[in-house]
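Asks: Okay, here's the structure, questions in a sec.
Numbering (my numbering), first residue to last: 8 to 601.
Below is the structure:
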């Protein structure tokens with residue numbers, strides 16, 4: 008039959024699609040996903056959708072006894088796994104299938120819609136005859152309820168905004184009905200930490216730490232953390248394979264709490280569920296006599312979250328070396344973004360920009376990708392990387408993308424970081440630092456944010472506080488971006504700490520980054536290392552000839568205060584670079600910097 012927007016899929020269409028899914032290699036061949044799906048589809052097609060409850064599924068699919076209660080989470084867990092399996096199937100093998108089967112959150116009754124882009128708008132407004140026990144005839148769009156029309160307009164606005172900002176139309180995979188518009192991210196399950204101590208207080212310590220971890224870890228938007236309900240349903244000694252097969256998560260965080268008198272030891276370990284390998288482990292010892300319980304829980308949770316979940320943490324390192332098999336491409340863009348931030352080269356910039364533009368076209372509600380794209384757009388201007396001819400300037404595009412990210416997810420750390428940075432380079436210093444404070448309060452454990460905010464504070468004249476934040480970011484993330492070492496070196500120079508300035512600039516090692524050479528030349532000249540200063544100065548001039556004739560405007564763009572600008576200009580001269588005299592500087596200071 009021909010696909011028509013005038014009626015929903017019929018029973019034959021749905022049954023054929025069901026067999027197409029369960030026989031696909033992209034659908035789980037183990038577990039009870041197929042049985043679960045067959046059951047709910049059959050009940051709905053045969054008009055018994057009102058019977059589909061957690062109780063009936065537990066008994067008829069999972070063989071539970073008739074005394075089954077909702078305290079047993081098996082149905083909820085398996086339903087979540089089935090939703091993810093369907094999501095993956097339609098992203099990979101089922102893109103061209105005629106019918107889409109979804110199980111919306113909040114229930115277990117499936118919906119059936121046409122999976123055809125040309126008729127998307129019509130099918131989104133027409134519920135399937137099999138979505139419940141009482142078939143509803145389709146309505147023309149002009150007779151739809153006002154709320155439904157508003158929904159259609161809102162969806163259309165998202166698609167149009169993705170087209171205007173990203174510069175290309177969204178692909179069919181971003182315009183499907185049902186399910187999430189976010190790409191897969193590495194998934195983490197937190198098992199309840201084991202109580203290895205004695206006495207009633209030991210259990211309190213253990214439960215409190217698990218709760219604190221489940222509060223801190225979800226603040227990192229690049230990962231997906233299963234919620235408290237899932238965590239509480241697990242045994243403390245749950246196996247890695249059980250997590251992999253039952254929940255589809257790649258990572259398991261487990262551990263234990265041991266108390267002895269006033270001593271408390273927390274042991275944490277991160278496992279790869281594909282093979283049970285321990286990727287990371289750490290012990291944390293504390294004295295209950297010198298610190299209160301809540302402070303200890305908060306401190307340990309912060310350290311664990313920072314180690315495994317931050318942008319350059321254990322999970323990101325493992326995924327970069329061996330991408331998650333469920334990765335549809337968008338998450339790879341985030342990994343490439345962080346690799347680019349470490350390298351800061353024009354070659355890496357071009358590839359990441361293309362990748363992120365494709366990601367937001369496919370997933371127009373993916374806030375993290377919009378935030379990263381904002382930073383990439385900004386780098387066209389501030390680093391002179393791959394400048395694109397466009398009616399909008401790089402800073403305008405950066406602000407648009409950052410504001411889109413914050414609109415989508417106001418608590419997203421990367422979105423707030425992007426907005427802070429774009430505002431900073433738009434010469435809105437006070438507003439930029441206000442957003443930076445908000446971002447730091449949202450996630451005080453994110454070292455990427457710490458380093459970026461510390462840099463903005465320093466360049467804005469708060470060198471001491473900026474240096475302190477940079478030191479904290481570097482201490483928590485010693486393998487992070489060389490950019491932060493470079494910023495810390497500049498802060499040390501401005502604070503007249505030449506020894507630290509030389510040490511940090513050598514650690515930075517950003518050979519492909521023009522301003523690195525300028526900062527290095529200034530620092531070496533101040534320390535009397537003139538051969539090194541001249542070498543770095545020549546490298547800088549070769550890479551960025553436009554900077555020195557327009558030096559005041561360049562420094563103004565970075566919100567460097569007048570007294571600090573004068574000191575930097577004097578440093579450039581001391582390093583042997585030719586800087587225009589004061590009259591020439593005044594004449595060129597209003598040119599737009601590149």
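Backbone N, C-alpha and C define an ideal beta-carbon position, used for all residues, glycine too.
What would DSSP say about residue 372, mapped onto helix, strand or coil?
Replies: One-based indexing of the chain shown puts residue 372 at position 365. Of the three classes helix, strand and coil, the one that applies to residue 372 here is coil, per DSSP.
Asks: Under 8 angstroms, do residue 422 and residue 376 count as touching if we go by C-beta distance?
Replies: Position 415 of the chain shown, counted from the first residue, corresponds to residue 422. Position 369 of the chain shown, counted from the first residue, corresponds to residue 376. Contact flag unset, no.
Asks: What runs of the beta strand (DSSP E), each 3 residues or longer, lie entirely inside the stretch 222-281?
Replies: 258-267 and 270-279
Asks: Would residue 477 and residue 351 be called neighbours here (beta carbons separated by less than 8 angstroms)?
Replies: Within the chain shown, residue 477 is the residue found at index 470, counting from 1. Within the chain shown, residue 351 is the residue found at index 344, counting from 1. Contact: no.
Asks: What are the uninterrupted segments assigned as beta strand (DSSP E) that are 3 or more residues long and contained completely in the stretch 28-113, given in chain order?
Replies: 106-109
Asks: Less than 8 angstroms between the C-beta atoms of residue 360 and residue 393, yes or no?
Replies: If you number the chain shown from 1, residue 360 lands on position 353. If you number the chain shown from 1, residue 393 lands on position 386. Contact: yes.
Asks: Going by the DSSP bridge assignment, what does residue 121 pair with across the sheet?
Replies: The residue you call residue 121 lines up with position 114 of the chain shown. Residue pairing for residue 121: DSSP places it in a beta bridge opposite 106.
Asks: Shorter than 8 angstroms from the beta carbon of residue 234 to some beta carbon of chain B?
Replies: The displayed structure is made up of one protein chain only, and chain B is not part of it.
Asks: Alpha carbons only, please: which of 535, 542 and 354 is nearest the one belonging to residue 524?
Replies: Counting from 1 along the chain shown, the entry for residue 524 is found at position 517. Of the candidates 535, 542 and 354, the one whose C-alpha sits nearest the C-alpha of residue 524 is 542.
Asks: For residue 494, count the other beta carbons within 10 Å of its own beta carbon; 16 or more makes it buried, fewer makes it exposed. Which is it?
Replies: Within the chain shown, residue 494 is the residue found at index 487, counting from 1. Within a 10 Å sphere around the beta-carbon of residue 494 sit 16 or more other beta-carbons, which makes this residue buried.
Asks: To which residues of the same chain is residue 424 closer than 6 angstroms at the C-beta, ignoring the five residues directly before and after it?
Replies: Position 417 of the chain shown, counted from the start, is the residue given in the question as residue 424. Its chain contains 446, 456 and 459 as the residues whose beta carbon lies nearer than 6 angstroms to that of residue 424, once the 5 sequence neighbours on both sides are disregarded; these appear in chain order.
Asks: Roughly how many angstroms lie between the CA atoms of residue 374 and residue 281, to the nearest whole one?
Replies: Position 367 of the chain shown, counting from 1, holds the residue named residue 374. Position 274 of the chain shown, counting from 1, holds the residue named residue 281. The straight-line gap from Cα to Cα measures roughly 29 angstroms.
Asks: On a CA-only basis, which of 289, 348 and 399 is nearest residue 520? Give me that one, please.
Replies: Mapped onto the chain shown, residue 520 falls at position 513. Residue 348 is the option with its Cα nearest to residue 520.
Asks: From what residue to what residue does the alpha helix (DSSP H) around residue 510 run?
Replies: One-based indexing of the chain shown puts residue 510 at position 503. Residues 505-515.
Asks: Quick check: what's the CA-CA separation for residue 212 versus residue 245?
Replies: The sequence position of residue 212 within the chain shown is 205, counting from 1. The sequence position of residue 245 within the chain shown is 238, counting from 1. Those two C-alpha atoms are separated by around 20 angstroms.
Asks: Do you know offhand how far residue 198's Cα is from residue 256's?
Replies: Working through the chain shown from its first residue, we reach residue 198 at position 191. Working through the chain shown from its first residue, we reach residue 256 at position 249. Cα-Cα distance, rounded: 12 angstroms.
Asks: Taking the straight line between their C-alpha atoms, what separation do you get for residue 243 and residue 273?
Replies: As a first step, residue 243 must be located in the chain shown, where it is residue number 236. As a first step, residue 273 must be located in the chain shown, where it is residue number 266. Cα-Cα distance, rounded: 14 angstroms.
Asks: What number of angstroms, rounded off, separates the C-alpha of residue 81 from the C-alpha of residue 65?
Replies: Residue mapping note: residue 81 aligns to position 74 of the chain shown, counting from 1. Residue mapping note: residue 65 aligns to position 58 of the chain shown, counting from 1. If I take the Cα positions, the gap works out to 8 angstroms.
Asks: Take the Cβ of residue 395 as the centre, count every other Cβ of all protein chains shown within 10 Å, and call the residue buried at 16 or more, exposed below.
Replies: As a working mapping, residue 395 is identified with position 388 in the chain shown. Burial check for residue 395: the Cβ neighbour count within 10 Å stays below 16, so the residue is exposed.
Asks: Looking at the structure shown, is residue 573 part of a helix, part of a strand, or coil, going by DSSP?
Replies: Against the chain shown, residue 573 aligns to sequence position 566. Reduced to three states, the DSSP call for residue 573 is helix.
Asks: For residue 363, which of 341, 398 and 39 has the nearest alpha-carbon?
Replies: Locating residue 363 in the chain shown gives position 356, counting from the first residue. Residue 341 is the option with its Cα nearest to residue 363.
Asks: Should residue 317 be labelled buried (16 or more other beta-carbon atoms within 10 Å of its own) or exposed?
Replies: Looking up residue 317 in the chain shown gives position 310. Under this definition residue 317 is a buried residue.
Asks: Quickly, what does DSSP pair residue 197 with across the bridge? List them, please.
Replies: As a working note, residue 197 is residue 190 in the chain shown. DSSP, once it has assigned bridges, lists 260 as partnering residue 197.
Asks: Could you check if residue 120 is buried or exposed, using at least 16 other CB atoms within 10 Å of its CB as the buried criterion?
Replies: By one-based count along the chain shown, residue 120 stands at place 113. Buried is the call here.
Asks: Express the C-alpha separation of residue 385 and residue 427 in angstroms, rounding to a whole number.
Replies: To locate residue 427, count along the chain shown from 1; it is residue 420. To locate residue 385, count along the chain shown from 1; it is residue 378. Roughly 12 angstroms separates the two Cα atoms.
Asks: Check residue 530 in the structure and name its three-state DSSP category.
Replies: What you label residue 530 is simply residue 523 of the chain shown in a count that begins at 1. It is helical.
Asks: Is residue 170 helix, strand or coil when you go by DSSP?
Replies: Indexing the chain shown from 1 puts residue 170 at position 163. Model confidence at residue 170 stands at a pLDDT of 32, short of 50, so the residue's coordinates are unreliable; what they give is reported in the following sentence. Residue 170: helix per DSSP, three-state reduction.
Asks: Taking residue 547 and residue 528 to be in contact with their CB atoms under 8 angstroms, please state how far apart those CB atoms are, rounded to whole angstroms.
Replies: Taking the chain shown and counting its residues from 1, the one referred to as residue 547 is at position 540. Taking the chain shown and counting its residues from 1, the one referred to as residue 528 is at position 521. The pair is a contact, with the Cβ atoms about 6 angstroms apart (cut-off 8 angstroms).
Asks: Taking the alpha carbon of residue 444 as the point to measure from, which residue in 420, 504, 466 and 474 has its own alpha carbon closest?
Replies: Translated into positions along the chain shown, residue 444 becomes position 437. With distances taken between Cα atoms, residue 444 lies closest to 420.
Asks: Using the three-state DSSP reduction, which class does residue 293 fall into: helix, strand or coil?
Replies: Stepping through the chain shown from its first residue, residue 293 is reached at position 286. In this structure, residue 293 counts as strand in the three-state DSSP scheme.
Asks: What residue from 84, 39, 88 and 96 has the CA that sits closest to residue 68's CA?
Replies: Counted from its first residue, the chain shown places residue 68 at position 61. Per the Cα distances, 39.
Asks: Quick one: what does DSSP say residue 567 is sitting in, helix, strand or coil?
Replies: The count along the chain shown starts at 1 and reaches residue 567 at position 560. Residue state, collapsed to three classes: coil.
Asks: Thinking just about the alpha-carbon of each residue, which of 436, 103 and 450 is nearest to the one in residue 310?
Replies: Along the chain shown, read from residue 1 onward, the residue named residue 310 stands at position 303. That would be 450, whose Cα lies nearest to the Cα of residue 310.
Asks: If you count every other CB in all the chains shown that lies within 10 Å of the CB of residue 112, and 16 or more means buried, which is it?
Replies: Numbered from its first residue, the chain shown carries residue 112 at position 105. Its Cβ having fewer than 16 others within 10 Å, residue 112 is exposed.
Asks: Measuring only the C-alpha atoms, how far is residue 106 from residue 85?
Replies: Sequence index remark: in the chain shown, residue 106 carries index 99 (1-based). Sequence index remark: in the chain shown, residue 85 carries index 78 (1-based). One C-alpha to the other measures close to 23 angstroms.
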